[in-house]
Each structure stands twice: as structure tokens, then as C-alpha cells.
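Q: My structure is below; once you've seen it, I'll send some questions.
In my numbering, the protein residues as written are 0 to 390.
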């Protein structure tokens with residue numbers, strides 16, 4: 000079995016970023032991955048302009064009282080500054096040719112004759128935002144591979160772009176296996192459980208920015224599972240199943256993938272989450288998550304999320320763990336596998352959820368992070384532990 004770090008690296012080596020792109024209007028591009036660098040074609044701001052409401056003048060012309068020769072609101076085109084005069088100017092308005100400073104209106108007083116006096120002397124360039132001060136024409140402002148934020152879209156708009164080239168959304172088809180599963184809202188029969196996996200996995204994939212194809216539920220039977228795998232591979236870049244990848248007689252996903260494609264990774268030395276599968280179904284990647292809710296959730300967070308992000312074209316840095324002190328003891332470590340314990344950060348310490356079983360989904364809803372323990376690692380209160388924040 001591969002260790003956690005080996006499995007993570009192995010999966011990332013096989014995560015091939017999407018290599019096509021589309022152009023989207025800015026209002027539809029939030030959260031999408033930029034396919035090409037963005038280079039400014041204009042200066043921002045496009046002209047010297049006033050940083051505030053006030054009076055523009057030439058510092059050398061400052062006099063006890065000055066005539067106001069023109070009024071320049073934002074969006075207008077000023078005349079050249081008349082010698083010895085000041086110009087009433089507003090925030091964002093172009094600086095009149097010949098002016099070299101702006102005095103804020105709070106330091107100005109206009110008399111009955113319309114002449115303005117100032118309570119402070121200006122300095123050269125005061126309160127003037129220079130052309131290209133924010134962005135210069137020819138400057139690269141956004142790099143390819145960036146997940147576009149609201150600020151990025153505003154930046155693109157500031158240089159006049161209405162559309163941006165983005166990678167297509169990663170299409171992920173998911174289905175869930177097990178005769179025992181019942182959808183929420185329906186009555187439970189004997190031996191049945193509600194399908195909770197569907198309701199954390201699909202939203203988690205959507206939150207990552209994937210285009211999610213929900214193929215529902217299939218019972219424990221080989222041929223229907225094979226058919227659903229074929230259907231999924233025909234429409235998706237990645238196929239994910241939840242359950243059915245163990246070795247029991249009623250676990251048919253592994254056999255179905257072997258029949259329809261190839262399985263190249265099976266079992267990872269982590270707890271929870273050992274029965275993780277990876278393979279190929281034609282051009283589509285296949286990922287088989289464990290059916291136990293916590294095992295599936297932890298595996299998605301620690302191994303599959305980085306894989307999907309790289310497939311989407313995003314940079315995936317090494318796992319960065321904070322070092323925080325434990326407020327608990329852990330004296331029965333797994334000697335062969337890395338463990339991921341569900342914890343919560345409280346007053347700078349890590350508290351442990353009391354039940355760490357692989358079926359206790361409450362631990363995932365309660366936790367804000369995972370403690371990453373090495374095989375055989377014991378914990379006593381005060382020990383500094385590797386803490387991975389859940390997002």
C-alpha cells in the first residue's frame with residue numbers, strides 16, 4: 000500500500016489539466032480558472048486625475064486670493080489652466096494642462112466675489128493620481144491558472160475587457176452504490192440507511208467549481224454498475240463512486256471497473272480511507288471513494304481534492320500544516336497507517352471529537368480541521384501537531 004504522501008504525489012502525477020478554453024463574459028467568470036495571461040492594453044488611470052474634490056492650480060502661481068477660471072467634474076475635458084487661476088475640480092476629473100497640485104476643498108474658502116483662498120500651501124503633485132499609476136499599458140496583470148476572484152473581474156473591467164478566456168469546468172459524474180441506501184424523505188425499511196454520502200459529496204464537488212453530473216444510486220449488482228460506469232465515462236472527465244470498492248461479495252465497483260477499463264491504485268495506508276481506488280474508463284479518470292461517510296469525506300479532503308484542483312488547471316502546493324498544541328491524548332495509534340483525526344481549533348489548541356469511528360459523520364460536521372498523525376504517533380496534551388484546515 001502507498002503511504003498518504005506517496006498516494007498524493009502518485010495521483011497528482013496523473014492529474015492532467017484541461018487543455019481547451021472558452022471565453023466568458025465577466026459576470027459569468029467568477030471562480031473559473033484563467034486560461035491565458037491578461038495583459039493591459041491601456042493605462043489605468045488613463046490620465047492624471049484628482050484624488051479628491053478641491054482646487055487644481057500651479058504651485059508657483061499660489062496667491063492670497065485666486066480667481067476660479069473653470070469647473071471640471073469627472074468625465075469632462077478641461078481647458079488648459081489659465082495663468083494665476085485655480086480650477087474647481089472633483090474626484091476622478093482630469094487634471095487641467097498646466098496644473099501640478101490639488102488642494103482639498105476643506106482647505107479652501109470662496110468669498111462673495113468667487114475668489115478662493117487657501118489655508119495650506121500645496122506641494123508638487125499633491126492629491127494627483129498619475130496616468131498609469133495603477134496599471135501601465137503592456138503590464139501583465141493576471142496569470143494563467145488563477146482562480147478568478149471578484150477583484151480580478153473588476154481589474155479586467157478596469158482595462159476595458161468584457162470577456163476572459165477560462166478553462167472549461169471539470170465535468171465530474173458521481174453515483175452511489177448499495178442496496179441498503181434510501182433517499183432522505185422516504186421511510187426506512189429494515190436494514191436500510193439514508194444516503195448521506197450523496198448530500199456531502201455533490202455539494203463539495205460544486206464548491207470546488209466542478210460541473211457535477213448526478214447519476215444517482217445503483218444497487219449491488221455487477222451489470223447495472225458496469226452500465227452506469229459506461230454512461231458516466233461518456234459524459235464526464237472524472238467519474239466518482241462512493242461505496243463498493245472493498246472486497247466483499249456485494250462490492251461490485253472494483254470488478255466493474257476492471258471489466259470496463261483499468262484499475263491502477265487500490266488501497267492507501269491512511270485511516271480512515273484505506274479502500275480508495277483510482278483507474279481509467281477510456282479517457283475519463285475513475286475514483287472510487289470508500290462508502291463509510293467519514294472515510295469518503297476525509298479521503299476527498301486529503302487526496303482527491305488536490306487531484307481535482309490540478310485537473311481544473313490550478314496550482315496545487317504541498318500540504319501545509321499548521322503546528323498547534325493538542326488539548327487531548329491519543330495513546331492507541333495505528334502502527335501501519337497515517338491517521339487523520341477530526342479536531343476543532345479552540346483558543347489556539349486542538350480539541351478532539353470524542354468518537355473517531357469511520358461512520359460518525361457528526362465528527363466531520365463538528366470539526367474545522369484534521370490532525371495528521373504519522374504511523375505509530377502517540378499524542379499527549381501539549382504536543383504540537385500537524386493541523387490541516389478544512390475548507
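Glycine is no exception: its CB is placed at the ideal position from the N, C-alpha and C atoms.
(1) Note down the Cα distance separating residue 322 from residue 301, rounded to an integer number of angstroms.
(2) When DSSP labels each residue in this structure, what does residue 213 get in the three-state scheme?
(3) Decide yes or no for the touch test of the stretch 217-226 against the stretch 326-336: beta carbon pairs closer than 8 angstroms, at least 3 of them.
(4) Going by the beta-carbon positions, is the gap between residue 384 and residue 366 smaller than 9 angstroms?
(5) Judging by CA-CA distance, which residue of 91, 111, 30 and 85 is the nearest neighbour of residue 208?
(6) Output the distance between the C-alpha atoms of residue 34 and residue 0, rounded to the nearest integer angstrom.
(7) On the criterion of 16 or more Cβ atoms from any shown chain inside 10 Å, does residue 72 qualify as buried, or is it exposed?
(8) With residue 419 and residue 88 assumed to form a contact (beta carbons below 8 angstroms), what rounded beta-carbon distance in angstroms separates them?
(9) Candidates 132, 106 and 51: which alpha carbon is nearest residue 43's?
(10) Assign residue 75 to one of two classes, buried (16 or more other C-beta atoms within 10 Å of its C-beta) or exposed (fewer than that).
(11) How many angstroms separate the CA atom of residue 37 from the CA atom of residue 315?
(12) For residue 147, which three-state DSSP category applies?
(13) State the DSSP-derived secondary structure class of residue 327, mapped to helix, strand or coil.
(14) Return the chain-ordered list of same chain residues with a C-beta closer than 7 angstroms to the C-beta of residue 123, the five sequence neighbours on each side being excluded.
(15) Assuming residue 9 and residue 264 make a contact with CB atoms under 8 angstroms, what is their CB distance in whole Å?
(16) Taking residue 82 as the reference, give the member of 96, 195 and 92 with the closest Cα.
(17) Using CA coordinates, which residue listed in 267, 148, 227 and 211 is at the minimum distance from residue 218?
(18) State buried or exposed for residue 396, treating a residue as buried only when at least 16 other CB atoms are found within 10 Å of its CB.
(19) When the Cβ atoms of the stretch 163-172 are set against those of the stretch 11-23, are three or more pairs found closer than 8 angstroms?
(20) Where does residue 89 fall in DSSP's three states?
(21) In the DSSP assignment, the beta strand (DSSP E) including residue 278 goes from what residue to what residue?
(22) Output the residue ranges of the beta strand (DSSP E) runs that lie fully inside the stretch 35-88 and measure 3 residues or longer, sorted by chain position.
A: This is what the structure holds:
(1) 17 angstroms
(2) strand
(3) no
(4) no
(5) 30
(6) 36 angstroms
(7) exposed
(8) The displayed coordinates of the chain run from 0 to 390. Any statement about residue 419 would go beyond what the structure contains.
(9) 132
(10) exposed
(11) 21 angstroms
(12) coil
(13) coil
(14) 58, 99 and 100
(15) 7 angstroms
(16) 96
(17) 227
(18) Look at the range of the chain in this structure, 0 to 390, and you will see that residue 396 is not part of it.
(19) yes
(20) coil
(21) 276-280
(22) 53-56, 65-71 and 84-88
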